[in-house]
């Protein structure tokens, strides 16, 4: 069949136009960023990209370059409404979609607009080249299979009994990028139940991606409470936000954003802010030791024992400067008891005992807020101490001119009981019998307050300790209760690129201009053809 020149003349421009338009659309499918890591004071920088309507999945491949340096970068993804997850130093590609997401990330609606990759400068070695390479792929067809998820809902009452409940406030699953990749919520809960725990807080790094998996897991484990929260992870310290349901911006010291704003944002949602492993000695644990300046009065708790690491001295100093922080503990387990290193302990070692009116999220929170905790260093079978201070108690403070400080101890026959006042041991007695009771008469100071606690030791090793109870004179009692902690706060993350050198093969704004130009030229050509045909 012979070709028709007139037909070709009419068709070819349309083919060219359609091809150009297709190229514009496909340019949105792959966006490349590369450049040198900015060396300014900000510890984070951001790579913005545009997501069009109809996108159902985004995949981010990321790397620090060159790969053979000692540099480490962390990675997260934000949509126009906030965080969609945090992978930390996990080098796996991050995928976020409508019905599924990779570990550490949250599936859900994919709003059109400006998204960004958050890049954290976890470790930059002076004198070594530091760069990054990121490829963002936008898809209109999902590659991940849909995941069974439900919106988080309070699990309700698991046990309707006022007593001491055993738990671990610091446990990770695969939703944390540095945890074992196969570690499921069910595996962590099974291990915790085997340790005799009543509750466990799954404290993932800077993400609540596991929350939509809790309902099914809770149904399969009706005897152990999944306690919500997360590990707020910065390069100057880590903290657990007990009871937090919403993410809070973790980019501390970037564009003026402060730790005080972050604490306010957590406490405004009713969460308790507790500092983790504050005196961590290992430099390879980036940001694990606490170095941020905070108002001691705004700290709700301190991890006085993390695995084998001790934080008692830090806690004492904080309390000496006005904090009423509760003593808690956590294993910081990332492997559900497998392949433990020299500084690791499994879930439940140590254990935090919390006296609560029932086994619910709110009751456990109230117990911690009121200072009704005991830390068992060696696990749930360790010695138990019940500390009481006679008088009118509001929260963790007793108002009385003279009071009786009592300790009821079990499981510690032959060990020693210490009475601690304001950080100093004022009495040490041998524990003879099981159970064992001891009383001390104490006087309230003329001004201010004193604080008292007990601990059980064997030799030089602390095995259990109670939280402090504070004592003030009776005429210092407030008329009302203890005010709610926290205030409205928070900070919207910035959208600055951080001065990055990036190359985007067809940024969304230039794509729009190109598309308009292509359509204009096509229309102009058709107009000219019709005009020529009429002449």
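In our numbering, the protein residues as written are -16 to 518.
Here a beta-carbon is modelled for each residue, glycine too, at the ideal position from N, C-alpha and C.
Following the continuous beta strand (DSSP E) through residue i, name the residue where it begins and the one where it ends.
i	result
residue 300	Element bounds for residue 300: not the beta strand (DSSP E) but the alpha helix (DSSP H), 295 to 303.
residue 40	40 to 48
residue 170	Looking at the DSSP string, residue 170 is not in any beta strand (DSSP E); the run it does join, the alpha helix (DSSP H), is 168 to 177.
residue 13	13 to 19
residue 152	146 to 154
residue 278	Looking at the DSSP string, residue 278 is not in any beta strand (DSSP E), and its letter there is neither H nor E.
residue 456	Here residue 456 belongs to no beta strand (DSSP E), and DSSP marks it neither H nor E.
residue 223	220 to 225
residue 359	356 to 359
residue 67	65 to 71
residue 310	309 to 313
For residue i, is the classification buried or exposed, using 16 other Cβ atoms within 10 angstroms of its Cβ as the cut-off for buried?
i	result
residue 191	buried
residue 413	exposed
residue 145	exposed
residue 189	buried
residue 367	buried
residue 427	buried
residue 29	buried
residue 211	buried
residue 108	exposed
residue 407	exposed
residue 354	buried
residue 138	buried
residue 213	buried
residue 469	Its pLDDT being 31, under 50, residue 469 is placed unreliably by the model, and the measurement read from it follows with that caveat. Buried.
residue 187	buried
residue 90	buried
residue 57	buried
residue 436	buried
residue 471	Caution applies to residue 471, whose pLDDT of 34 falls short of 50 and renders its modelled position unreliable; the value that the coordinates give is listed next. Classification for residue 471: exposed.
residue 363	buried
residue 314	buried
What are the start and end residues of the alpha helix (DSSP H) that includes residue i?
i	result
residue 414	No alpha helix (DSSP H) holds residue 414; DSSP gives it neither H nor E.
residue 350	344 to 352
residue 197	197 to 203
residue 250	242 to 251
Alpha carbons only, please: which of the options is nearest the one belonging to residue i?
i	options	result
residue 275	32, 88, 216	216
residue 524	57, 410, 31	The structure shown does not extend to residue 524, since the chain is modelled only from -16 to 518, so the question has no answer here.
residue 168	87, 60, 303	87
residue 222	203, 196, 229, 255	255
residue 311	45, 320, 318, 292	292
residue 384	208, 445, 460, 28	460
residue 44	73, 34, 404	73
residue 420	369, 431, 340	369
residue 558	238, 432, 394, 218	Coverage of the chain is limited to positions -16 through 518, which leaves residue 558 absent and any answer about it impossible.
residue 382	365, 212, 455, 395	455
residue 417	394, 218, 37	394
residue 117	133, 99, 434, 236	99
residue 59	175, 51, 159	159
residue 46	34, 15, 66	15
residue 83	398, 124, 208	124
residue 434	307, 143, 177, 279	307
residue 166	142, 321, 438	321
residue 458	430, 66, 398	430
residue 280	104, 300, 105, 294	300
residue 112	42, 205, 54, 316	54
residue 136	208, 349, 392	208
residue 97	392, 35, 48	35
residue 351	171, 114, 282	282
residue 334	361, 278, 142	361
State yes or no: is the C-beta of residue i within less than 7 Å of the C-beta of residue j?
i	j	result
residue 154	residue 330	yes
residue 258	residue 231	no
residue 526	residue 194	This structure cannot speak to residue 526, because the chain is shown only from -16 to 518.
residue 149	residue 180	yes
residue 140	residue 341	yes
residue 71	residue 161	yes
residue 389	residue 371	yes
residue 77	residue 85	yes
residue 380	residue 309	no
residue 374	residue 386	yes
residue 521	residue 120	Nothing about residue 521 can be read from this structure; the chain reaches only from -16 to 518.
residue 269	residue 106	yes
residue 174	residue 103	no
residue 289	residue 317	no
residue 228	residue 358	no
Would the C-beta of residue i count as close to the ligand FMN, meaning under 6 Å from any of its heavy atoms?
i	result
residue 272	Although the ligand FMN was asked about, the structure shown includes no ligands whatsoever.
Give, in chain order, every unbroken run of the beta strand (DSSP E) that is at least 3 residues long and sits entirely within the segment 102 to 138. 114 to 122
Ignoring anything shorter than 3 residues or poking outside the segment 391 to 430, list the beta strand (DSSP E) runs there in chain order. 399 to 404, 407 to 413, 419 to 426
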